[in-house]
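Heads up, the thing below is written out as structure tokens.
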Amino acid sequence: HKDHWRPNVYKFARNFVESGLQGRPVTRDVQWGIPVPLEGWDDKRIYVWFEAVIGYFSASIEWAKITGQPQAWKDWWYDPQAKIYCFIGKDNIPFHTIIWQAELLGVERIYEDDESRRLNLPYDVPANEFMNIEGSQFSKSRSWAIWLPDVLERYDPDAIRFYVTVAMPESRDTDFSWGEFVRKNNNELVAAWGNLANRVLSFAHKHWEGRVPEPGELREIDRALLAQIESGFERVGGLIEAVKLRAALQEAMELAREVNGYPDRAPWYGVIKQDRQAAATTVYTALRAIDSLKVLLAPFLPFSCESLHQTLGYEQPLFGQQRIKRFDEDSRSHEALVYDASQASGHWAPSILEPGRAFSKPKPLYRKLDESVAEEERSRLGQLGG
230 HKDHWRPNVY KFARNFVESG LQGRPVTRDV QWGIPVPLEG WDDKRIYVWF EAVIGYFSAS
290 IEWAKITGQP QAWKDWWYDP QAKIYCFIGK DNIPFHTIIW QAELLGVERI YEDDESRRLN
350 LPYDVPANEF MNIEGSQFSK SRSWAIWLPD VLERYDPDAI RFYVTVAMPE SRDTDFSWGE
410 FVRKNNNELV AAWGNLANRV LSFAHKHWEG RVPEPGELRE IDRALLAQIE SGFERVGGLI
470 EAVKLRAALQ EAMELAREVN GYPDRAPWYG VIKQDRQAAA TTVYTALRAI DSLKVLLAPF
530 LPFSCESLHQ TLGYEQPLFG QQRIKRFDED SRSHEALVYD ASQASGHWAP SILEPGRAFS
590 KPKPLYRKLD ESVAEEERSR LGQLGG
């Protein structure tokens, strides 16, 4: 764990154990929860973190059951190659690094006849530090907060996702600043990525009638760019697997900046009339790079990358579909969020965009924000109802 757990998580868990484990109540005087299987405890229910973390396990079994593959959960809980990640805030570190691990170690094996198999322990518990807002702690009671249903009426979800990832408190407490939100949106998300996609697709749509142009033989500058983008899949993927999400997004955005500068180095706009083939090669290379960047950025910007995916003429969606499904059982009914990946066409691999593919006239992926937005949002803080 020391090799891949975040230092703050490892240090907290180690100190928690070395300081001496103390008894912790796991029951409540309530009518719901799990009955305690002990005589004289009929009025108690297990209803705290001791039973809550078991939900990771039971939800996996339910998922396998409702997807028609009742043994599939074992692929995650018994396969030594599977890695389990628990994404939490730092106030929940002891429940996931100590209590949940102890429960799994104590059980060792369940619903499994092979005595050599053991339940997997969480591979990583990438707990974040705290994020404040405008220099103060979030407070629901004081309405010093950002209310998602409210803020999503004013901003695109990917603009929020982009800034939250950039400011993510992976190793220390950070601050959500509305001024920085506007600057990051305008100077990075819009300028480095959104404008790139819109500029190249608009030019290609105009001059090649909405078709990916047929390139000539790729030049050294073209091959070098595509090789750089292709190598990004290993780098960005490795950072995501290590849950270094800020670094992963930064790496993907650096590649976008590299592609942004490519049309200024390769012939396209200035030679479209004199050397259409050279311009076609440049545009084809840029489109292929953008198609790859769409995948590299999709974990962070899923809505806009899905939109770009459709603009590029793909029939199947980039992602699967999430939906709320109701399940009726003998003892109760409940709803669950399910994910259907059957229609998804996305793969973590470089683009193989084929010449001649039809694509739509592009629309801007993001919108530039006026600087006055920051002051408007700051004035909403502390106001009930946002």
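Residue numbering for the sequence shown follows my numbering, beginning at 230 and increasing consecutively. Ideal Cβ placement from N, Cα and C applies to all residues, glycine included. Quick caveat: nothing in here was measured; it's all calculated off a predicted structure.
For A388, which option in L598, E604 and A453 has the closest C-alpha, if you only look at C-alpha atoms?
Looking at the Cα atoms, L598 is the closest of the given residues.
In the structure shown, what three-state DSSP assignment does D258 receive?
Reduced to three states, the DSSP call for D258 is coil.
Would you kindly work out how many angstroms separate the C-alpha atoms of L192 and R517, rounded to a whole number?
Absent from the model: residue 192. The displayed extent of the chain is 230 to 615, so no value can be given.
Would you be able to state if there are at least three C-beta pairs under 8 Å between the stretch 519 to 528 and the stretch 452 to 471?
A contact exists between the stretch 452 to 471 and the stretch 519 to 528.
What residue from N489, W437, W373 and I283 has the CA that sits closest to P505's CA?
In the sequence as presented, Pro is not what sits at residue 505; that position holds Arg. The residue with the shortest Cα to Cα distance from R505 is W437.
Here's the rule I'm using: 16 or more other beta-carbon atoms within 10 Å means buried, otherwise exposed. How should D451 be labelled?
By the 10 Å Cβ count, D451 comes out buried.
Taking 6 Å as the limit between beta carbons, can you name the residues of its chain near K319, skipping five residues before and five after?
Here the set comprises A356 and E358.
Can you look up S289 in the DSSP assignment and give me helix, strand or coil?
Correct three-state label for S289: helix.
N424 to N415, Cα distance in whole Å?
Cα to Cα, N424 sits roughly 10 Å from N415.
Applying the 10 Å Cβ sphere with the 16-neighbour rule, what's the burial state of Y491?
Under this definition Y491 is a buried residue.
With a Cβ-Cβ cutoff of 9 Å, do F410 and A603 count as a contact?
Taking 9 Å as the Cβ cut-off, F410 and A603 qualify as a contacting pair.
Check G615 in the structure and name its three-state DSSP category.
Reliability of the predicted coordinates at G615 is poor, the pLDDT of 47 falling under 50, and the value obtained from them is presented with this limitation in mind. Note: G615 maps to coil in three-state DSSP.
If you draw a straight line from the alpha carbon of V488 to that of T511, how long is it in whole angstroms?
Distance between the alpha carbons of V488 and T511 is about 11 Å.
Spell out the partners DSSP gives F405 in its beta bridges.
DSSP output for F405 lists I362 as bridge partner(s).
I'd like to confirm the pairing. Which residues does DSSP put opposite I339 in its beta bridges?
Paired residue(s): none; I339 is not in a bridge.
Give me the Cα-Cα distance between V238 and C315, rounded to the nearest whole angstrom.
Their backbone Cα atoms lie some 12 Å apart in a straight line.
How many Å lie between G269 and D258 at the Cα?
Cα-Cα distance, rounded: 13 Å.
Judging by CA-CA distance, which residue of S400, I327, E600 and Q479 is the nearest neighbour of P236?
Taking only the C-alpha atoms, the option nearest P236 is S400.
Closer than 6 Å by C-beta to G615: which residues in its own chain qualify, once you throw out the five before and the five after it? Chain order, please.
Only weak support exists for where G615 lies, its pLDDT of 47 falling under 50; the coordinates are left without a value.
Looking only at its chain, what residues have a beta carbon closer than 7 Å to the beta carbon of F279, apart from the 5 residues adjacent to it on each side?
Cβ neighbours of F279 beyond the five flanking positions: V255 and I328.
Leaving out five residues on either side along the sequence, give the residues of the same chain with a beta carbon under 7 Å from the beta carbon of L181.
As displayed, the chain neither begins before 230 nor continues past 615, which places residue 181 out of reach and without an answer.
Roughly how many angstroms separate the alpha carbons of E564 and I295, rounded to a whole number?
Straight-line Cα distance between these residues: approximately 12 Å.
Tell me the DSSP secondary structure of D504 in three-state form.
Looking at D504 - three-state DSSP - the assignment turns out to be coil, as it is neither helix nor strand.
To the nearest angstrom, how far is the alpha carbon of I458 from that of A433?
Each residue's Cα considered, the two are about 20 Å apart.
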